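Here the UniProt record's numbering is used: position 259 in the sequence shown is 259, and no number is missing along the way.
Heads up, the beta-carbon is just placed ideally off N, CA and C, and yes, glycines get one too.
Everything numeric in this text was worked out from a predicted model, so none of it was measured.
To start, the structure itself, in structure tokens.
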Amino acid sequence: MSPSLILSRRDLDFLLHEWLEVETLTKRARYAEHSRETFDAVMDLAQQIATEHFAPHNRTADENEPRFVDGRVEMIPEVAQALAVFRESGIMSGTFDEEYGGMQLPQTVGQAAFAWFKAANVGTSSYPFLTMGNARLLLAHGSQEQKDTYVRPMLEGRWFGTMALSEPQAGSSLADITTRAEPQDDGTYRLTGNKMWISAGDHELTENIVHLVLAKIPGGPPGVKGISLFVVPKFLVTEDGSVGERNDVVLAGLNHKMGYRGTTNTLLNFGEGVHTPGGRAGAVGYLVGEPHRGLPYMFHMMNEARIGVGMGATVLGYTGYLHALEYARTRTQGRSASSKDPSSPQVRLVDHADVRRMLLAAKSYAQGGLALGLYCARLVDEERTAESAEERERAHLLLDTLTPIAKAWPSQWGPVADDLAIQVHGGAGYTRDYPVEQFYRDNRLNPIHEGTNGIQALDLLGRKVTVHGGAGLALLAATIGATTARASGTPFADLAADVDAAVGRLVQVTATLWGTGDPAVALANASSYLEAAGHTVVAWLWLEQALATRDETSDFHEGKRAAARYFQRWELPKVHTWLDLLESLDRTVLDTPDAWL
1 MSPSLILSRR DLDFLLHEWL EVETLTKRAR YAEHSRETFD AVMDLAQQIA
51 TEHFAPHNRT ADENEPRFVD GRVEMIPEVA QALAVFRESG IMSGTFDEEY
101 GGMQLPQTVG QAAFAWFKAA NVGTSSYPFL TMGNARLLLA HGSQEQKDTY
151 VRPMLEGRWF GTMALSEPQA GSSLADITTR AEPQDDGTYR LTGNKMWISA
201 GDHELTENIV HLVLAKIPGG PPGVKGISLF VVPKFLVTED GSVGERNDVV
251 LAGLNHKMGY RGTTNTLLNF GEGVHTPGGR AGAVGYLVGE PHRGLPYMFH
301 MMNEARIGVG MGATVLGYTG YLHALEYART RTQGRSASSK DPSSPQVRLV
351 DHADVRRMLL AAKSYAQGGL ALGLYCARLV DEERTAESAE ERERAHLLLD
401 TLTPIAKAWP SQWGPVADDL AIQVHGGAGY TRDYPVEQFY RDNRLNPIHE
451 GTNGIQALDL LGRKVTVHGG AGLALLAATI GATTARASGT PFADLAADVD
501 AAVGRLVQVT ATLWGTGDPA VALANASSYL EAAGHTVVAW LWLEQALATR
551 DETSDFHEGK RAAARYFQRW ELPKVHTWLD LLESLDRTVL DTPDAWL
């Protein structure tokens, strides 16, 4: 059987078992029922379902996007058929507690398994992806009644979930949302307002849709401190748990997107009066947790979603790389630079040095990003199950620091991998006859949603590396330093020295930026800071992977070492260019008025 063009199972096995050693987690009580065999069985099942049921309709869904017909969504039947198979597999609840029907898989394994679905069909996979995040938030912050009422049907795949944050006039500026939640005598709330860009906001795929909605209770504090979080189901739920009357949540329209077309992206009106449950205006909502704590609660889902978006960007770049690699190995064109005989046979594209350069670059982005996403998933497992409170707190702080990078770095460089995949295909890549152009269009969303890359840059430099006296950056530097110390005396000591130099400068430049006493100057070039930090982290993870190859001499392991060398020599030097700009406290963007743009 030929290797998959969706993902590399060999690479996933290397990352899970040779590098992260996930089987060691089975010594912990939460994962004691598992083994290497159960982990591999889950991966086998994910690969099979993704290959047989998700990938085949990826192009069809792109060419036949959901339609808004008579107030309802219509979409190709293959989406529902694939999701039915997914539901029956139990993968939806795989990482959740047994109490809620889960398998208590490590997050590392769950993230690796779900990567197959994102790579095979990112549009169809979005429905369960958002649902799992919704359920996890309610388990963390919802009441027991909310867990029993909403989480169980979602983890069974009978209902799907969303998060409804943005509004037409507010976009990412959540302080400016205007959706209102009026308290009622029975303890519920009635919501009125409009939400936009709501992925999976309406469809006919499940019996019900559970919206998590940000809104403001009248009389609350101004800005983000006055935001509360509500469960607002599409259909109200009766006392016996069955679906009841329609709630006043109305689909106002669908957004037509460049890519990611299989996922409905909606405008929703709450409390429009089309449906009036109990004869009263407004959509019925149920407060989650305490009033005015909505944004911290929602970030529980947002942070998970951000890491998931980074994984999605990674695997879309990965599948693009694999398609380009296959094309380059089978397509013949031109002759080698040393050949002077025009009658000699043409060579394969992969035999041209510049094509190998593009493939190595794409490989370094895709496999570097995959390592980043799975490392963060392993930190989730450490945060949840490490033996000591100190170890759990350490994992939490490191994950918090890495989250903006885990979202933004793959979202920037995953599309570059797809861009290179198109370039390797040449003119063929710019046609719809080959799938690489769709991978690029699908991937272009990832720098935008769940907090744009610019917002991630402000979060990293403005908050994550400064809170608690810079403890997060210090921990990251120490963690990287432990790896570079292990590299002493190995063939990768020079890569370790280059990583150490990049980390040292990153720490130094961070102090320089905040030493100005002027936040505007410190944050003006935050995107360059994010790029520098991201490349430094991925260089570190390439060093980790190189060390994990040990003395193995297979083509796979040699390929890992070659990609690590590529990243060291072609990518890591960019860090110093970005840091030079930051260290100079450049004011170009600050001092350019809009009239000059």
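Here Gly90 carries a coil assignment [DSSP, helix/strand/coil]. Taking C-beta atoms under 8 angstroms as the contact rule, Phe230 and Leu174 fail to qualify, at a distance of about 14 angstroms.
In the same chain as Ala82, and ignoring 5 residues on each side of it, the C-beta atoms closer than 6 angstroms to its own belong to His53, Phe54 and Thr124, in chain order. Asn247 is not a Cβ neighbour of Lys257, given a cutoff of 8 angstroms.
If you draw a straight line from the Cα of Ala366 to the Cα of Lys560, it is about 12 angstroms long.
Shown here for Leu137: same chain residues with a beta carbon closer than 6 angstroms to its own, the five before and five after excluded, namely His300 and Met301 in chain order. In this structure Val284 is in contact with Pro277, their Cβ atoms being roughly 5 angstroms apart against a cut-off of 8 angstroms. Straight across, the Cα-Cα distance linking Asp518 with Leu476 is about 25 angstroms. The alpha carbon of Lys407 has as its nearest neighbour, out of Glu450, Val73, Arg331 and Arg36, the alpha carbon of Glu450.
Distance between Ser89 and Asp13, taken at the CA atoms: about 21 angstroms.
Take the alpha-carbon of Gln144 and the one of Asp185: they are about 21 angstroms apart.
With at least 16 other beta carbons inside 10 angstroms of its own, Arg505 counts as buried. Three or more Cβ pairs drawn from the region 424-441 and the region 322-333 lie within less than 8 angstroms of each other, which places the two stretches in contact. DSSP places Phe68 within a strand segment (E or B) once states are collapsed to three.
Taking each of Val232, Asp586, Gly142 and Ala361 in turn and checking the Cα distance to Ala181, the smallest one comes out for Val232. DSSP, reduced to helix, strand and coil, places Val85 within a helical segment of the structure shown. Between the beta-carbon of Ser528 and that of Trp578 there is about 4 angstroms, and that keeps the pair under the 8 angstroms contact cut. Going by DSSP, Val109 is part of no beta strand (DSSP E) but of the alpha helix (DSSP H) stretching over Gln107 to Ala120. Residue nearest to Val210 within the set Trp197, Asp351, Val237 and Asn194 is Val237 (criterion: CA-CA distance). Residue environment analysis places Asp459 among the buried positions, since at least 16 neighbouring C-beta atoms fall within 10 angstroms of its C-beta. Between the C-alpha atoms of Tyr260 and Arg441 there is a straight-line separation of about 7 angstroms. Nearest in C-alpha terms to Leu16, of all of Glu239, Leu374 and Leu155, is Leu374. Every unbroken stretch of the alpha helix (DSSP H) spanning 4 or more residues and falling wholly within the region 512-556 is given here in chain order: 519-524 and 526-548. Closest in C-alpha terms to Glu290, from the list Ile217, Val355 and Gly253, comes Ile217.
Shown here, His275 sits in coil according to DSSP, grouped into three states, outside any helix or strand. In this structure, the beta-carbon distance from Leu530 to Pro447 does not fall below 8 angstroms.
For Leu20, same chain residues with a beta-carbon under 8 angstroms away, outside a window of 5 residues either side, are Thr108, Leu374, Tyr375 and Arg378 in chain order. Between Ala522 and Leu513, the C-beta gap is smaller than 8 angstroms, which places the two residues in contact. For Thr314, the closest of Gly279, Trp409 and Ser336 by C-alpha to C-alpha distance is Trp409. For Phe270, the uninterrupted beta strand (DSSP E) segment begins and ends at Asn265 to Phe270.
Inter-residue distance for Tyr566 and Ala80 is about 42 angstroms (C-alpha atoms, whole angstroms). Contact between Phe492 and Leu572 does not hold, since the beta-carbon distance rounds to 13 angstroms and is not under 8 angstroms.
A Cβ-Cβ distance of about 5 angstroms is found for the pair Ile480 and Trp540, placing them in contact under the 8 angstroms criterion. Annotated three-state conformation of Lys147 is helix, per DSSP.
In the structure shown, Asn247 falls within a coil segment according to DSSP collapsed to helix, strand and coil.
C-alpha of Ser93 to C-alpha of Val42: approximately 12 angstroms in a straight line.
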